[in-house]
Every structure is written in structure tokens, then in C-alpha cells.
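Protein chains in written order, with my numbering: chain A, 1 to 405; chain B, 1 to 344. The beta-carbon is built from N, C-alpha and C at its ideal position, and this holds for glycine as well. Model, not experiment: these values are computed from the prediction. What follows is a short report on a single structure.
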């Protein structure tokens with residue numbers, strides 16, 4: 001407990017200061033403001049005494065310095081006495097807790113200093129502080145913590161435009177836009193075509209990856225380079241290539257059109273474009289995953305009488321499932337985000353990304369932004385779900401238990 | 001800010017109105033909290049002093065405070081106030097002041113707001129005291145309702161309340177603001193389940209988190225769900241709020257502070273803070289299993305001689321009543337240095 005005498009002395013001192021402020025001929029503070037500041041300062045002084053009680057002189061110095069900074073910033077510079085009152089109460093309360101103090105500083109920085117961009121600076125700053133604090137607490141070296149902080153800072157800068165967009169529209173506007181049938185239709189087209197494209201890519205990409213890794217065919221490096229080709233190409237190039245081969249006017253396109261299987265400007269065309277641009281991601285991830293599966297295990301399964309397809313289905317694929325799912329996620333994300341190839345090859349039926357562009361051409365940023373936000377939110381949600389789903393799959397194989405046995 | 005909507009009984013007007021850069025509201029609340037901080041240390045008749053503070057707090061809130069101190073309203077107001085920082089400073093201050101004070105003091109000295117100040121809690125406490133005295137009276141004339149009778153009574157109450165909700169929905173425009181009634185209805189349902197032994201009390205303690213997140217999300221969607229005591233703070237004819245207040249008071253007759261135990265979203269927040277706060281109630285030393293602490297705890301936060309920090313309301317009844325003096329208010333800041341002293 002604080003000794004009663006110290007408490008009384010401090011309270012008396014604080015009260016005296018406020019009395020003097022109140023009695024100055026031309027008072028800087030109105031009477032109610034002075035009163036409430038007295039109450040707040042009593043509380044702050046009490047918190048300071050408690051700090052002193054724990055025997056940490058240096059911390060008390062920091063405490064006072066922080067108080068002065070807040071005072072200078074909010075009262076002298078910005079002249080926001082009321083905000084100062086509230087913030088200083090919070091400040092005194094969270095001071096002993098490093099995590100909360102950091103969050104509080106982030107709050108002051110973003111909501112008071114970077115005011116127009118409050119939310120979008122606060123979220124990355126808070127996340128950064130929480131992660132860095134945790135890592136520092138866990139006893140990792142200063143270098144690792146510092147690299148984490150720097151990396152997260154840059155990541156926060158990348159996140160900034162998206163977070164900024166997120167707070168531009170009210171939920172009501174979003175719901176209103178989400179209720180429009182053409183928007184729903186476009187989102188549905190985007191999501192379903194991306195999922196279909198991912199399924200197709202999975203069906204032929206995963207066996208291909210397995211074959212490349214296990215079979216080690218002669219032209220492996222050449223095939224790998226070819227797989228990577230769509231990543232390399234600018235997306236409009238893909239669209240133009242597709243149009244030249246399958247578009248109206250080309251022999252193949254005309255033939256398919258007559259058979260009722262036309263691709264250009266159809267749903268199937270969107271899927272085709274997405275498959276082309278997104279498959280490389282799946283194949284590459286799947287190859288890495290399969291390379292991580294020890295070949296001895298497969299050989300063992302073979303000696304126990306498993307057929308090659310059984311080895312693939314019951315040993316290799318489950319062990320590589322996490323890596324493969326990462327590939328599926330990347331592939332889906334790439335497919336749903338595809339714009340260039342679809343825009344040229346199959347702008348109809350309207351998919352989400354094309355619709356955002358159309359609305360932007362028609363009505364500018366304000367018209368297209370809600371749709372963009374809807375697209376962002378839905379994709380983010382699916383993405384998060386998939387990432388969590390990854391944790392449910394068996395962990396990649398590690399050699400450690402075998403060695404111990 | 002337009003002051004016309006303010007309730008009639010808020011007699012203390014200008015310059016005591018809490019708007020337009022005058023801080024009387026915050027001052028009165030701060031004074032109340034500082035006073036409570038002081039009297040927390042009174043050893044003698046602490047529970048009587050607590051009831052006095054509760055009464056004083058109700059008076060202060062009823063006559064002076066304008067921004068809502070309801071358990072839903074504070075969450076909503078904080079979020080609303082944060083969005084207003086930088087654009088409308090005065091208003092943001094107005095909305096945020098009470099929640100900020102409550103949370104900050106809880107971080108320093110435990111969640112004494114729940115046990116000593118919260119008007120919703122005080123109303124329930126009145127009913128608990130009423131029931132205790134009624135029980136004493138009932139014991140004298142041998143009119144104690146058995147568990148079966150109690151269940152029937154409760155069921156009747158519950159059914160009646162549901163009918164009322166249904167009737168309100170059919171006769172008047174049922175605004176989304178009125179949805180605090182659903183909280184009342186759920187409270188009765190939970191109470192019925194617990195008292196009739198269908199569900200264990202333990203199993204539904206976690207529901208406060210769900211309640212909290214529902215309120216947060218609805219606040220982010222700019223939907224207002226009025227708090228139980230909201231009608232005392234704003235001059236809107238608020239039958240839903242009044243009815244919910246009635247419901248939680250009646251519920252407290254059956255199970256002390258049922259609202260705080262199962263529903264209160266603000267209580268969830270206070271529970272989170274209590275784990276990090278400077279002061280906490282903790283059991284130390286030898287226990288003789290007399291069970292006094294569990295009996296005097298009105299929220300059932302003490303189980304097997306241990307205090308559950310997320311439930312504790314810092315009323316300090318257990319500290320006062322433990323015959324061993326085993327329940328203590330522990331200062332977590334001091335604990336470290338104490339250990340160092342004892343080792344060195």
C-alpha cells in the first residue's frame with residue numbers, strides 16, 4: 001500500500017496546481033475543465049505513485065515523459081483537451097503492460113497523428129506490434145525480431161491500399177450492391193469458373209507433377225519451362241493467342257461454333273483462360289510437395305503389394321497433401337483474380353473482375369469500388385477458409401521419428 | 001449538439017450538461033470511481049459501504065450522466081466514438097468517455113465497476129437482497145417453494161414473457177432496436193434450463209462471449225440494440241429496454257445476478273481485463289472447505305476454493321467473510337518485488 005502521507009501530499013500538490021491555474025486572473029481553463037483535469041491528474045498521480053511503489057525509478061521517468069509528450073501533442077499542438085483527458089487515463093492504466101502500451105501508442109499514432117488514415121494505419125501497426133512483442137517475449141534474438149518488424153512494416157505498406165478501400169463504404173452500401181442481380185451474377189460467374197478451373201487444373205496437374213518428379217522423363221527441364229510459360233506471358237498476350245486460335249473467324253473457332261461448343265465469349269471460355277493462367281502455380285507447388293515425399297516409403301508400399309496407382313493415391317498424395325492444397329489455393333486465387341485474358345477472350349458472361357473494370361469505365365471509382373470491395377471480401381473469406389483447411393491435413397512427412405525409432 | 005432529446009429528470013442543466021466542452025459528466029463519474037477506489041480499502045462493514053456506493057452511483061447516473069451506461073450501449077458507444085475521432089472531437093469524447101474510464105480503472109484496480117457501480121448490476125442486487133429477506137420471511141411462515149413449484153413458476157414466467165414478445169411483435173412496429181428483448185427471452189430460457197437441471201451452470205458461462213461479439217458486429221453494422229437500462233439515459237419511449245430491465249430483475253430473483261453470469265457482454269470484456277489487471281482476488285494458504293466464499297459469491301465465481309477471474313465482480317464479499325482470511329486482494333505489481341525481497 002502507498003503510505004497515507006505520500007498519498008495526501010501528492011493529492012494536495014496536484015490540487016494546489018489546479019487551484020493556482022483556476023485562480024490566475026485570466027484562466028486558461030474553464031471551471032468544469034479544470035475540475036475534470038484535477039480528477040484525471042489525481043488518477044494519473046495515483047498510478048505514478050503505484051509505479052514508484054514497485055521501485056522502478058527509471059520507469060517513473062518514462063511515465064512522466066510519456067505524459068508530457070501526450071500533453072504537448074494534444075493540448076499544446078492540437079488543442080484537444082477532452083481527447084487528452086481520455087487518452088491520459090488510458091495511458092496511465094496501460095503503462096505497466098508493454099503489449100497494451102504499444103497498442104496504445106499505435107492508437108495515438110494512427111487516430112491522432114495520421115487521422116485521415118486512422119483505421120488502415122492502426123490495423124497494420126497493431127498487428128506489427130503484437131507479433132514483434134510476442135517474438136521478443138519468446139526470447140528470439142534481436143536480429144530476428146528486427147527483421148520481423150521491418151518485413152511486417154513493408155507488408156503493412158502493401159496492405160494499406162486494401163485496408164483503406166475497406167473503410168470507404170458503409171456495410172449498408174455493400175449490402176445494397178450485393179443485392180443487385182447483375183452483381184450477384186458476376187460474382188457467381190467468377191467464383192464458379194475459378195473453382196471449375198481449379199478442379200480441371202487439379203485433375204491433370206497433380207498427376208503431371210507426380211510423373212515429372214517420380215518418372216524423371218528425359219525432357220523434364222523443358223517441360224518445366226513450358227509449364228512456367230503462362231506465368232511469364234503478359235495476360236493480354238494469352239487472350240490474343242486464344243482469340244487467334246479459337247475466336248470468331250478462325251477455322252477451329254468456326255468449327256466449334258457450328259458444333260455448339262463455341263468458347264469465345266462463353267462461360268467455358270472464361271474457364272479455359274483461367275486454367276491456362278493458373279495451372280503453373282498448382283503444378284509447381286505439387287512438384288515441390290512430391291519431392292518432399294521420401295521415395296523409400298513408396299518403394300516400401302510397392303514391396304507390400306500396392307499397385308502404382310495405389311501408391312500414388314494412398315501414400316504419395318496424402319503425404320504431399322498440404323503442399324498440393326497450397327497449390328490449389330494459389331491456383332484458385334490466380335484464377336479468380338484473372339482479368340487480362342478474360343477481358344480479351346471472354347468478356348461475356350460478365351465475371352467479377354471484368355465487371356469492376358466496366359463499372360469503372362462507366363461511372364468512375366465511386367461506382368466500381370463497392371463491387372471491388374465485395375470481390376475482395378468474398379475472395380479473402382474463401383482464402384482464409386482454405387488456409388485454415390490446410391491445418392486439418394496431415395503434416396508433411398519428417399524424418400525425425402523414423403530416426404528415433 | 002441538440003439537447004432536446006434529453007430526459008426530463010436530468011435536472012442538472014447548463015453548465016452541468018455534459019455536452020459542448022463541459023466535462024461535468026466525466027468529472028462526476030471520475031469522482032465516483034476515485035471515491036470507490038478509496039473506499040475499496042475500508043475493512044469494516046465493507047458490504048454495507050458497497051451498497052451505499054451502488055446507491056450513490058444510481059443517483060449520479062440517473063441525474064447527471066447522459067451518455068448511455070448500459071452494457072450494450074457502452075460497447076456501441078466506444079466503437080462509434082472511435083470512428084468520430086478527428087472529425088467531431090466533442091462528440092467522440094462524449095461517446096467514449098464512460099467506457100474508457102470504466103475499462104481503464106478496471107485495468108488498474110480490478111473490475112470493481114461490475115460489483116460496485118454498474119446500474120444494471122445494482123438493480124439485480126436489489127432483487128437478490130429482496131429475495132434473501134423474503135426467504136427469511138418465508139422460512140418463518142414455512143412457505144418455501146420446493147424445486148418443482150419453482151420450476152412451474154419459472155416456466156409460467158417464461159411462457160408469459162414469450163407471449164409478450166410475440167404480442168409486441170404483432171401489434172406494434174417491432175424495431176431492430178427492440179431486439180434486446182431477445183436477450184431477455186434467452187436469459188429466461190437459460191435460467192429455466194439451469195434451474196430445472198437440464199444444463200449445468202458451467203456449460204453456459206461461455207455464452208457471454210457470443211453475446212459480446214453479436215453486439216460488436218451489430219455496432220459495426222450501425223445497428224442499435226438498446227441496453228437494459230437504456231431508457232434511463234435517453235428520452236426515447238423505450239418499452240423494450242424497460243421490459244428487458246424488468247426481465248433481468250425478475251431473473252435475479254430466481255438466480256442471483258443471472259444476467260451477469262450468462263448474458264452480459266460487458267462482463268465478458270471485464271473478465272478479459274481482470275486477467276491482466278493490477279489487483280485481483282486470489283485464494284492463498286490453507287483452506288478448510290467451509291464453503292463460505294462460494295455461498296457469499298453472488299455470481300458463483302468461486303469453485304472449490306478458487307476464484308475464477310473471468311467471472312469475479314470484485315465485490316470482495318469473499319474477502320470479508322472467509323473465516324481463515326484466505327481470500328486476498330493481490331497486487332500483481334507488488335508480487336514480483338516481494339519475491340525478490342524474500343529471496344535476497
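C-beta neighbour in chain A for residue 160 of chain B, strict 7 Å = Sequence index remark: in the second chain, residue 160 of chain B carries index 160 (1-based). It does not: the Cβ of residue 160 of chain B has no partner Cβ on chain A nearer than 7 Å.
Should the region 184 to 199 of chain A be called in touch with the region 256 to 275 of chain A, which here means at least 3 C-beta pairs below 8 Å?
-> yes
What do you reckon, are the CB atoms on residue 65 of chain A and residue 235 of chain A nearer than 7 Å?
-> One-based indexing of the first chain puts residue 65 of chain A at position 65. One-based indexing of the first chain puts residue 235 of chain A at position 235. Taking 7 Å as the Cβ cut-off, residue 65 of chain A and residue 235 of chain A do not qualify as a contacting pair.
Straight-line gap, residue 404 of chain A to residue 43 of chain A (C-alpha atoms, nearest Å) | Taking the first chain and counting its residues from 1, one reaches residue 404 of chain A at position 404. Taking the first chain and counting its residues from 1, one reaches residue 43 of chain A at position 43. Since pLDDT at residue 404 of chain A reaches only 43, below the 50 mark, its modelled position is unreliable, and the value read off the structure follows with that caveat. If you take the alpha carbons of residue 404 of chain A and residue 43 of chain A, they lie about 60 Å apart.
Starting from the C-beta of residue 128 of chain A, find all residues in its chain whose C-beta is less than 7 Å away, skip the five residues before and the five after it, and write them out in chain order.
-> The residue given as residue 128 of chain A occupies position 128 in the first chain. Closer than 7 Å at Cβ, skipping near neighbours: 149, 152, 153 and 156.
Could you give the DSSP three-state label for residue 283 of chain B: helix, strand or coil?
-> In the second chain, counting from the first residue as 1, residue 283 of chain B sits at position 283. Three-state DSSP puts residue 283 of chain B in a strand.
State the Cα-Cα distance for the pair residue 8 of chain A and residue 34 of chain A, rounded to the nearest angstrom.
-> Taking the first chain and counting its residues from 1, the one referred to as residue 8 of chain A is at position 8. Taking the first chain and counting its residues from 1, the one referred to as residue 34 of chain A is at position 34. One C-alpha to the other measures close to 20 Å.
From B:32, B:118, B:96 and B:203, residue whose alpha carbon lies closest to that of residue 260 of chain B = In the second chain, counting from the first residue as 1, residue 260 of chain B sits at position 260. The residue with the shortest Cα to Cα distance from residue 260 of chain B is B:118.
CB contact below 7 Å: residue 58 of chain A versus chain B | The sequence position of residue 58 of chain A within the first chain is 58, counting from 1. Not one chain B Cβ lies under 7 Å of residue 58 of chain A.
Same chain, Cβ closer than 7 Å to residue 37 of chain B, five either side skipped, listed in chain order = For the purposes of this step, residue 37 of chain B is taken as residue 37 along the second chain, with counting starting at 1. Excluding sequence neighbours, residue 37 of chain B sits near 109.
Starting from residue 330 of chain B, follow the beta strand (DSSP E) in both directions and report where the run begins and ends.
-> Taking the second chain and counting its residues from 1, the one referred to as residue 330 of chain B is at position 330. Residues 327 to 331.
Within the chosen definition, does the region 63 to 80 of chain A reach the region 3 to 18 of chain A through at least 3 CB pairs nearer than 8 Å?
-> no
Determine, using beta-carbon pairs with one atom in the region 316 to 323 of chain A and one in the region 285 to 295 of chain A, whether at least three such pairs fall under 8 Å.
-> yes
Between the region 349 to 367 of chain A and the region 296 to 308 of chain A, do at least 3 Cβ pairs fall closer than 8 Å?
-> no
Listed from N- to C-terminal order along the chain, which residues in the region 361 to 381 of chain A have their beta-carbon within a distance smaller than 9 Å of any beta-carbon of chain B?
-> none
Hey, is the region 24 to 37 of chain B in contact with the region 57 to 75 of chain B, meaning 3+ C-beta pairs nearer than 8 Å?
-> yes
Name the DSSP bridge partner or partners of residue 302 of chain B?
-> On the second chain, position 302 is the one that residue 302 of chain B refers to. Answer by DSSP bridge pairing, in chain order: B:307.
Closer than 9 Å at the beta carbon, the chain A residues around residue 24 of chain B = Residue 24 of chain B sits at position 24 when you count from the first residue of the second chain. Within chain A, the residues near residue 24 of chain B are 32, 35 and 36.
Delimiting residues of the alpha helix (DSSP H) encompassing residue 410 of chain A | There is simply no residue 410 of chain A to check, as chain A begins at 1 and stops at 405 in what is shown.
Cα-Cα, which of B:53, B:262, B:147 and B:84 is closest to residue 117 of chain A?
-> On the first chain, residue 117 of chain A is found 117 positions in, with the first residue counted as 1. Among B:53, B:262, B:147 and B:84, the Cα nearest to that of residue 117 of chain A is on B:84.
Residue of A:241, A:307 and A:264 minimising C-alpha distance to residue 347 of chain A = Here residue 347 of chain A corresponds to residue number 347 of the first chain, with the count starting at 1. Of the candidates A:241, A:307 and A:264, the one whose C-alpha sits nearest the C-alpha of residue 347 of chain A is A:264.
Are the C-beta of residue 221 of chain B and some C-beta of chain A separated by less than 7 Å?
-> What you label residue 221 of chain B is simply residue 221 of the second chain in a count that begins at 1. Closer than 7 Å to some Cβ of chain A, the Cβ of residue 221 of chain B qualifies, so yes.
State the DSSP-derived secondary structure class of residue 274 of chain A, mapped to helix, strand or coil.
-> Here residue 274 of chain A corresponds to residue number 274 of the first chain, with the count starting at 1. The answer is helix: DSSP assigns residue 274 of chain A an H, G or I state.
How many whole angstroms separate the CB atoms of residue 275 of chain A and residue 329 of chain A, which I take to be in contact at a CB cut-off of 8 Å?
-> Counted from its first residue, the first chain places residue 275 of chain A at position 275. Counted from its first residue, the first chain places residue 329 of chain A at position 329. That pair is no contact at about 16 Å.
Residue 73 of chain B to residue 89 of chain B span [Cα, whole Å] | Taking the first residue of the second chain as position 1, residue 73 of chain B is located at position 73. Taking the first residue of the second chain as position 1, residue 89 of chain B is located at position 89. Straight-line Cα distance between these residues: approximately 19 Å.
Does the ligand SAM have a heavy atom nearer than 6 Å to the CB of residue 7 of chain A?
-> With respect to the ligand SAM, the structure shown offers nothing to examine, as it has no ligands at all.
Over the uninterrupted alpha helix (DSSP H) stretch that includes residue 212 of chain B, give me the two end residues.
-> For the purposes of this step, residue 212 of chain B is taken as residue 212 along the second chain, with counting starting at 1. Run containing residue 212 of chain B: 207 to 220, per the alpha helix (DSSP H) assignment.
Between the region 164 to 184 of chain A and the region 127 to 142 of chain A, do at least 3 Cβ pairs fall closer than 8 Å?
-> no
Where residue 149 of chain B meets chain A, residues with beta-carbon distance less than 9 Å | Within the second chain, residue 149 of chain B is the residue found at index 149, counting from 1. Under the 9 Å cutoff, chain A gives no residues; its nearest Cβ is about 48 Å from residue 149 of chain B.
Which first and last residues belong to the alpha helix (DSSP H) in which residue 320 of chain B is found?
-> The residue labelled residue 320 of chain B in the question sits at position 320 within the second chain. Segment 317 to 321, the alpha helix (DSSP H) holding residue 320 of chain B.
Rounded straight-line distance, which links the Cα of residue 232 of chain B to that of residue 108 of chain A = In the first chain, counting from the first residue as 1, residue 108 of chain A sits at position 108. In the second chain, counting from the first residue as 1, residue 232 of chain B sits at position 232. Looking at the two C-alpha atoms, the distance is approximately 33 Å.
Is it buried or exposed for residue 342 of chain B, if we count other Cβ within 10 angstroms and need 16 for buried?
-> Indexing the second chain from 1 puts residue 342 of chain B at position 342. For residue 342 of chain B, the pLDDT reaches just 37, beneath the cut-off of 50, and the residue's location in the model is therefore unreliable, leaving the point undetermined.
Beta-carbon neighbours of residue 42 of chain A, restricted to chain B and to distances below 9 Å = As a working note, residue 42 of chain A is residue 42 in the first chain. Result: 30 and 34.
Looking at C-beta atoms only, is the number of pairs between the region 274 to 283 of chain B and the region 98 to 109 of chain B that lie closer than 8 Å three or more?
-> yes
With a 10 Å radius around its C-beta and 16 neighbouring C-beta atoms as the bar for buried, classify residue 284 of chain A as buried or exposed.
-> Start at 1 with the first residue of the first chain, and residue 284 of chain A comes out as number 284. With 16 or more Cβ atoms within 10 Å of its Cβ, residue 284 of chain A is classed as buried.
Enumerate in chain order the residues of its own chain whose CB-to-CB distance from residue 162 of chain A is below 8 Å, with the five nearest sequence positions on each side excluded.
-> Taking the first chain and counting its residues from 1, the one referred to as residue 162 of chain A is at position 162. Answer for residue 162 of chain A: 376, listed in chain order.
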